[in-house]
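Asks: Pasting a structure below so you can have a look.
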Amino acid sequence: MADDWGTNEIPADDPWNHPQGGDGVGGNGDDRACFNCGQSGHNKADCPERPKGFDGTCRACGQEGHSRRDCPDAPAMTCRICGEEGHIRKDCPQKPADACRNCLEEGHETVECKAPRKIDRGLIPDVDAEKAWEEICEAVQERDGVEAKDAIHKYLKHFPEMTYVELEKAFRGQEIGVYLIATERVLAPTHTNMDLQGNLDKKYTVQYRFSAHPDRQREKATWPSSPEENVIRLGDAGEPVSRLLQKCINCDELGHTSKSCPQEAMEKVRITITCYNCGEEGHRVRDCQFAHFRSSFLISTD
């Protein structure tokens, strides 16, 4: 099939600030550092290193060397729900039923939810639809992707049932230089594509662009080959959002942590740090006691 859009655009930065969604290329979204050992790929609860002692200040008594939980002088716990002492919120007998984080309804867990996500547009400013459309046009003229996208959301607030296909056709019909491109992307397991009505697990990822052409050479493989194919893709497309589910590092499944994993605990691989200066484990180059001497030796033999 001929490429009706061409692919000879000069690479450019992303003015739209597109959400990355934990792109599958180069990672799985688990890049936060552990509070215990400082390494990425896991959290403190799942750290294979020996827990470090608390050396901060207690928030209850102000003394150093222990936390509020272990403080002998800490006041009795007060529940934030009922106001009574002796228990915390999660153990409160008056605690209301938990609502699904996806649809905000009660009676099921988020991991079981198949309903569309409840989208709250309350924080989007209220402006007339015509005014929002004018703001879209002005942002396009100024090549301001963030302002253009904000204006699009203002416009869509008046038409919550409008789809990406209808919006793209409206832009093309009035020759407005905003293009909704349905691309193929690999997302992290904790993310998925969501359409304008909150439906999840869409196949293609929507990109907002000022041109119908891919900006970079590497985008050619993920780009639709024609405007017609793009419209077809937009029918099964959305923007990256979090699944609102935790990922277990023991079984790699979503919906629980390793502490509550129903499967047998996998043997943890102990993280070791090797010094590149002396080759020994347990410390880094900056802490190596031989670093100064080796540097001096190298200088003296030059």
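Under the UniProt record's numbering, the first residue of the sequence shown is numbered 1, with each subsequent residue one higher. Glycine is no exception: its CB is placed at the ideal position from the N, C-alpha and C atoms. Computed from a prediction, not measured in an experiment: that's the story for all the values here.
Could you name the residues that DSSP lists as bridge partners for Pro-240?
Replies: Asn-193.
Asks: Counting pairs of beta carbons, one from the region 147-167 and one from the region 108-126, are three or more of them closer than 8 Å?
Replies: yes
Asks: Anyone know if the C-beta pair for Ala-76 and Gly-83 falls short of 9 Å?
Replies: no
Asks: Pull up the distance between the alpha-carbon of Arg-187 and that of Pro-240, whole angstroms please.
Replies: Correcting the residue type first, residue 187 is Leu in the shown sequence and not Arg. Straight-line Cα distance between these residues: approximately 8 Å.
Asks: In the DSSP output, what is Val-206 paired with across the bridge?
Replies: DSSP lists Ala-182 as partners of Val-206.
Asks: Just to check my reading of the structure: His-191 and Arg-243 have Cβ atoms closer than 8 Å, yes? What is that Cβ distance to the nearest angstrom?
Replies: 6 Å
Asks: Please check the pair Ala-237 and Ala-182, which I expect to be a contact at CB under 8 Å, by giving their CB distance rounded to whole angstroms.
Replies: 4 Å
Asks: Please report the residue range of the alpha helix (DSSP H) in which Phe-171 lies.
Replies: 164-173
Asks: Mapping DSSP to helix, strand and coil, what is Glu-281?
Replies: strand
Asks: Would the beta-carbon of Thr-180 fall within 9 Å of that of Val-206?
Replies: At residue 180 the sequence reads Leu, which differs from the Thr that was named. The answer is yes: Cβ separation under 9 Å.
Asks: What are the residues that DSSP puts in a beta bridge with Lys-247?
Replies: Leu-254, per the DSSP bridge assignment.
Asks: Hey, could you find the ends of the alpha helix (DSSP H) Gly-145 is sitting in?
Replies: Taken as a continuous stretch (DSSP letters only), the alpha helix (DSSP H) holding Gly-145 covers 145-156.
Asks: Just checking my contact of Arg-68 with Ala-74 at CB under 8 Å: how many whole Å lie between their CB atoms?
Replies: 6 Å
Asks: Need the endpoints of the alpha helix (DSSP H) that Ile-136 sits in, please.
Replies: Note, Ile-136: alpha helix (DSSP H), 129-141.
Asks: In three-state terms, what does DSSP make of Lys-221?
Replies: Correcting the residue type first, residue 221 is Ala in the shown sequence and not Lys. Looking at Ala-221 - three-state DSSP - the assignment turns out to be helix.
Asks: Determine the direct distance from the alpha carbon of Thr-78 to that of Cys-71, and round the result to whole angstroms.
Replies: 15 Å
Asks: Going by alpha carbons, who is nearest to Cys-248 out of Met-266, Gly-235, Ile-232, Val-231?
Replies: Ranked by Cα distance from Cys-248, the first of Met-266, Gly-235, Ile-232, Val-231 is Met-266.
Asks: Would you kindly check if the distance between the Cβ of Tyr-208 and the Cβ of Arg-185 is under 9 Å?
Replies: Taking 9 Å as the cut-off, the beta carbon of Arg-185 is found no closer than this to the beta carbon of Tyr-208.
Asks: Determine the burial state of residue 333: buried for a count of at least 16 other Cβ atoms within 10 Å of its Cβ, exposed for fewer.
Replies: Shown here, the chain extends from 1 to 302; a query on residue 333 therefore has no answer.
Asks: Can you list, in chain order, the residues of its chain with a C-beta nearer than 6 Å to that of Cys-47? Leave out the 5 residues immediately preceding and following it.
Replies: Cys-34, Asn-36, Cys-37
Asks: Can you tell me which of the three DSSP states Ser-40 falls into?
Replies: strand
Asks: Among residues of its own chain, excluding the 5 on either side of Asn-250, which ones have a beta-carbon nearer than 7 Å to its beta-carbon?
Replies: Ser-258, Cys-261, Gln-263, Ala-265, Met-266
Asks: Cys-103: which of Ile-88, Lys-114, Lys-95 sits nearest, CA to CA?
Replies: Lys-114
Asks: Leaving out five residues on either side along the sequence, give the residues of the same chain with a beta carbon under 6 Å from the beta carbon of Gln-217.
Replies: Excluding five sequence positions before and after Gln-217, none of the CB atoms of its chain fall closer than 6 Å to its own CB.
Asks: Go through its chain and collect everything with a Cβ distance to Phe-210's Cβ below 8 Å, but skip five positions before and after it.
Replies: Pro-15, Val-140, Arg-143, Gly-145, Gly-177, Val-178, Tyr-179
Asks: For residue 311, which residues in the same chain have their Cβ closer than 6 Å to its Cβ, ignoring the five residues on either side in sequence?
Replies: Since the first residue of the chain shown is 1 and the last is 302, residue 311 is not available in this structure.
Asks: What three-state label does DSSP hand Thr-272 in the structure shown?
Replies: coil
Asks: Using DSSP bridges, identify the partner residues of Ala-33.
Replies: Ser-40
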